[in-house]
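Visitor:
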């Protein structure tokens, strides 16, 4: 199994993060500090945990089958599931983040 491509990809992203850390006032560092990226970063793990549940449930309710993109309606259902999963992830983050309990 060839993993050279994954190694090169990891080195590339490590280099990008290094450049952002070395020059905190640079364009790359400022781009990484965007509020939308920070919001998505705070929600990423919850999205990873919760993304399948709304997807499967909505497809079972509306299409009576497993998730698959075969037409535009499936795309609408998948997008709805993504929005629900984002809401669940953010709610989970707000409940479990330090300082949220008072």
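In the working numbering, the protein residues as written are 137 to 238.
Backbone N, C-alpha and C fix where the C-beta goes; we use that ideal spot for every residue, glycine too.
The structure presented is a predicted model; accordingly, all values stated were derived computationally and were not measured.
(1) Quick check on residue 176 - is its C-beta less than 8 Å from some C-beta in chain B?
(2) At which residue ranges does the region 168–235 contain complete alpha helix (DSSP H) runs of 4 or more residues, listed in the order of the chain?
(3) Quick check: the Cα distance between residue 154 and residue 181, rounded to an integer number of angstroms?
(4) Is residue 190 buried or exposed, if buried means 16 or more other CB atoms sit within 10 Å of its CB?
(5) If you reduce the DSSP assignment to three classes, tell me which class residue 139 lands in.
(6) With a threshold of 8 Å on Cβ separation, who are the neighbours of residue 159 within its own chain once the five nearest residues in sequence on each side are excluded?
(7) Secondary structure at residue 159, three-state DSSP: helix, strand or coil?
Guide: Once the coordinates are examined:
(1) The displayed structure is made up of one protein chain only, and chain B is not part of it.
(2) 171–186, 188–198, 208–232
(3) Residue numbering aside, residue 154 sits at position 18 when the chain shown is read from its first letter. Residue numbering aside, residue 181 sits at position 45 when the chain shown is read from its first letter. Rounded to whole angstroms, residue 154 to residue 181 spans 23 Å at the Cα level.
(4) The sequence position of residue 190 within the chain shown is 54, counting from 1. Classification of residue 190: buried, given that the 10 Å Cβ count is 16 or more.
(5) For the purposes of this step, residue 139 is taken as residue 3 along the chain shown, with counting starting at 1. Reduced to three states, the DSSP call for residue 139 is coil.
(6) The residue labelled residue 159 in the question sits at position 23 within the chain shown. Cβ within range, chain order: 165.
(7) On the chain shown, residue 159 is found 23 positions in, with the first residue counted as 1. Coil at residue 159, not helix or strand.
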